[in-house]
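Engineer:
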Amino acid sequence: MSKPLLLLTRHFPQAVEARAARDYATIPNAADTPMTGAEIASAAQQAEPVGILCAAGDAFNAETIKALPESVKIIATFSVGTDHIDLQAAKARGILVANTPDVLSVATAEIAMLLILSAARRGGEAERMVRAREWTGWAPTQLMGVTLEKKKLGILGMGRIGQELAKMARGFGMEIHYRNRNRLPEGEELGAIYHADDAGFLGAIDVLSMHIPGGAATRHWLNAERIAQLRPGSIVVNTGRGSTVDDAALCQALESGHLRAAGLDVFDGEPKIFEGYYTAPNVVLLPHLGSATVETRDAMGFRALDNLDAVLLRGEAPPHAV
Ligand code: DGY
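When we follow the working numbering, the leftmost residue of the sequence shown carries the number 363, and every step to the right adds one.
1. Would you report the Cα separation of leucine 564 and lysine 513, rounded to the nearest angstrom?
2. Apart from the five residues on each side of it in sequence, which residues of its chain come closer than 7 Å, Cβ to Cβ, to valine 465?
3. Ignoring anything shorter than 3 residues, give me the beta strand (DSSP E) runs that lie fully in the region 609-655, in order along the chain.
4. Quickly, what does DSSP pair asparagine 600 with across the bridge? List them, please.
5. What first and last residue would you give for the alpha helix (DSSP H) that runs through leucine 449?
6. What does DSSP give as the partner residues of arginine 541 in its beta bridges?
7. According to DSSP, what are the bridge partners of threonine 388?
8. Below 7 Å CB to CB, which residues in the same chain sit around isoleucine 447 once its five sequence neighbours on both sides are set aside?
9. My understanding is that aspartate 608 touches leucine 584, with C-beta atoms under 8 Å, so please give their C-beta distance in whole angstroms.
10. Does the beta-carbon of valine 442, which I'm using as the reference point, lie nearer than 6 Å to any heavy atom of ligand 1?
11. How far does the beta strand (DSSP E) with leucine 479 in it extend, from its first residue to its last?
12. As a quick exercise: from His582, Glu632 and Gly516, pick the residue whose alpha carbon is nearest that of serine 596.
13. Starting from the Cα of alanine 400, find the closest Cα among His650, Arg381, Ala417 and Lys428 and give me that residue.
14. Using C-beta distances below 7 Å, list every residue in its chain close to threonine 426, excluding the 5 sequence neighbours before and after it, in chain order.
15. Is it the case that the region 637-646 contacts the region 616-629, given that we only count it when at least three CB pairs across the two stretches are under 8 Å?
16. By alpha-carbon positions, which one of Val412, Gln376 and Ala392 ends up nearest to leucine 670?
17. Between the Cα of lysine 453 and those of His682, Met572, Gly486 and Lys435, spot the shortest distance and give me the residue it belongs to.
18. Less than 7 Å between the beta carbons of serine 605 and glycine 652, yes or no?
19. Tell me whether alanine 469, by its Cβ, gets closer than 6 Å to a heavy atom of ligand 1.
20. Could you check what DSSP says for phenylalanine 440 in three-state terms: helix, strand or coil?
21. Taking C-alpha atoms, which residue in Ala417, Ala409, Gln504 and Val442 lies nearest to leucine 430?
22. Can you tell me which of the three DSSP states glycine 399 falls into?
23. Which first and last residues belong to the beta strand (DSSP E) in which alanine 679 is found?
24. Quick check: what's the CA-CA separation for proline 547 versus alanine 654?
25. Please list the terminal residues of the continuous beta strand (DSSP E) segment that includes glycine 565.
26. Please report the residue range of the beta strand (DSSP E) in which alanine 417 lies.
27. What residue does the beta strand (DSSP E) around alanine 460 start on, and which one ends it?
28. For leucine 415 versus leucine 449, is the C-beta spacing smaller than 7 Å?
29. Could you round the C-beta distance between alanine 474 and valine 599 to whole angstroms and report it? I think they count as a contact, below 8 Å.
30. Can you determine whether any heavy atom of ligand 1 sits closer than 6 Å to the C-beta of glycine 652, and answer yes or no?
31. Taking 6 Å as the cut-off, is the beta-carbon of alanine 666 closer than that to any non-hydrogen atom of ligand 1?
The following block contains the structure:
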């Protein structure tokens, strides 16, 4: 029996591609550059795959989804985020969508912790100074940051990633506060302090770490008004989605000194980056590395394949349907 056809929009880790090739006739994206929506649709129209393995950033908007051939039964995204996929449009076409939750929580929390540390201890500025050969030696007042011990970490979005970050931050002696749609069951809070409103939350913390999904409902959640509710000298870190931050407002607060520093792994319209960040000394910038570990990327790929296998090899529902 011939293997089902699977369109890959990107290069995936070797072990993931090997497993995909074992069970499917795969159609790779030879270039490993992101395909436009029109390119994805055209590749699908030519090959008529039953499944598509895609990734964060692929433009599965309504137009792309409308142009997919009838053959496509499932879009499995190699990501937990699904803001690059128009879920309504997929539903209207009867195309299943599945994602890869859980397996990237620790890796993404690690990047949040890295950004919190880098922002607090001025890691970006220090590295740039050394590399520019501008370090003239140890000095009592050089590049002083702030210590994390006893500081209040505010986690916006206390899902799996937020809870992993809380675990790590407790090890640094931070007090954990959180804002979430729902309060966690008492046994899962582990001493974290729940806030039922934004103003109370923002006014109580020293470091804000953002873990909310993208999309219209959260667009520019961190705007000038909410930034003003943060205490002077606060730090902002975002490893969720860039669209949740009003970049102009954040840059302005970094420049005025209302905020001490920021650390960003995600950007609105990435890989395009808001121009002001390039020159702001007190912002640490990473290229969307949240899940980028060998272990995690393999696990994400296997989870995406589990979703595809359920639908395409066994005729079952995907275990991680969105
Ligand atoms: C996700 O899974 O949504 C990440 O942003 C990609 O690592």
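The beta-carbon is built from N, C-alpha and C at its ideal position, and this holds for glycine as well.
Structural biologist: Answer, in terms of the structure:
1. Counted from its first residue, the sequence shown places residue 564 at position 202. Counted from its first residue, the sequence shown places residue 513 at position 151. Their backbone Cα atoms lie some 13 Å apart in a straight line.
2. Reading the sequence shown from its first residue, position 103 is the one you call residue 465. So the list reads Thr658, Ala661, Met662 and Arg665, once near-sequence residues are dropped.
3. Entirely contained in the region 609-655, the beta strand (DSSP E) runs reaching 3 residues are, in chain order, 621-626 and 645-647.
4. Along the sequence shown, one-based indexing puts residue 600 at 238. In DSSP, asparagine 600 forms a bridge with Met572 and Leu626.
5. Sequence index remark: in the sequence shown, residue 449 carries index 87 (1-based). It spans 449-455 - the alpha helix (DSSP H) in which leucine 449 sits, taken as one unbroken run.
6. In the sequence shown, residue 541 corresponds to position 179, counting from 1. Leu518 and His557, per the DSSP bridge assignment.
7. Numbered from its first residue, the sequence shown carries residue 388 at position 26. Per DSSP, Leu368.
8. In the sequence shown, the residue the question calls residue 447 occupies position 85. Taken in chain order, the residues that qualify are Phe422, Ile437, Thr439 and Val459.
9. Here residue 608 refers to the residue found at position 246 when the sequence shown is read from its first residue. Here residue 584 refers to the residue found at position 222 when the sequence shown is read from its first residue. Beta-carbon to beta-carbon, aspartate 608 and leucine 584 are separated by about 6 Å, close enough to satisfy the 8 Å threshold.
10. The residue given as residue 442 occupies position 80 in the sequence shown. At least one heavy atom of ligand 1 is nearer than 6 Å to the Cβ of valine 442, so yes.
11. Reading the sequence shown from its first residue, position 117 is the one you call residue 479. Leucine 479 -> not in any beta strand (DSSP E); alpha helix (DSSP H) instead, spanning 467-483.
12. On the sequence shown, residue 596 is found 234 positions in, with the first residue counted as 1. Ranked by how close their Cα comes to the Cα of serine 596, the residues His582, Glu632 and Gly516 have Gly516 in first place.
13. Along the sequence shown, one-based indexing puts residue 400 at 38. Closest by alpha carbon: Lys428.
14. Taking the first residue of the sequence shown as 1, we reach residue 426 at position 64. Hits under 7 Å: Gly399, Ile402 and Ala403.
15. Output reads yes: the region 637-646 touches the region 616-629.
16. Position 308 of the sequence shown holds residue 670. The residue from Val412, Gln376 and Ala392 with its alpha-carbon nearest to that of leucine 670 is Val412.
17. Translated into positions along the sequence shown, residue 453 becomes position 91. The option with the nearest alpha carbon to lysine 453 is Lys435.
18. Sequence index remark: in the sequence shown, residue 605 carries index 243 (1-based). Sequence index remark: in the sequence shown, residue 652 carries index 290 (1-based). Going by beta carbons, serine 605 and glycine 652 fall outside the 7 Å limit.
19. Sequence index remark: in the sequence shown, residue 469 carries index 107 (1-based). Remark: the shortest separation between the CB of alanine 469 and any heavy atom of ligand 1 does not fall under 6 Å.
20. Residue numbering aside, residue 440 sits at position 78 when the sequence shown is read from its first letter. The three-state reading of DSSP puts phenylalanine 440 in strand, counting E and B together.
21. What you label residue 430 is simply residue 68 of the sequence shown in a count that begins at 1. Relative to leucine 430, the option among Ala417, Ala409, Gln504 and Val442 whose CA is nearest is Ala409.
22. Locating residue 399 in the sequence shown gives position 37, counting from the first residue. Here glycine 399 carries a helix assignment [DSSP, helix/strand/coil].
23. Counting from one through the sequence shown, the residue named residue 679 turns up at place 317. Neither: alanine 679 is in no beta strand (DSSP E) and is coded neither H nor E.
24. As a working mapping, residue 547 is identified with position 185 in the sequence shown. As a working mapping, residue 654 is identified with position 292 in the sequence shown. Near 31 Å, if we compare the C-alpha coordinates of alanine 654 and proline 547.
25. One-based indexing of the sequence shown puts residue 565 at position 203. Looking at the DSSP string, glycine 565 is not in any beta strand (DSSP E), and its letter there is neither H nor E.
26. Within the sequence shown, numbered from 1, the residue matching residue 417 stands at position 55. Here the beta strand (DSSP E) through alanine 417 covers 413-417.
27. In the sequence shown, counting from the first residue as 1, residue 460 sits at position 98. Membership of alanine 460 in the beta strand (DSSP E) is indicated by the continuous run 458-460.
28. On the sequence shown, residue 415 is found 53 positions in, with the first residue counted as 1. On the sequence shown, residue 449 is found 87 positions in, with the first residue counted as 1. One thing to note: leucine 415 has its Cβ no nearer than 7 Å to the Cβ of leucine 449.
29. As a working mapping, residue 474 is identified with position 112 in the sequence shown. As a working mapping, residue 599 is identified with position 237 in the sequence shown. Indeed they touch by this definition, with Cβ atoms about 6 Å apart.
30. Translated into positions along the sequence shown, residue 652 becomes position 290. Yes; taking the cut-off as 6 Å, the Cβ of glycine 652 has a heavy atom of ligand 1 nearer than that.
31. Taking the first residue of the sequence shown as 1, we reach residue 666 at position 304. Not so, every heavy atom of ligand 1 lies at least 6 Å from the Cβ.
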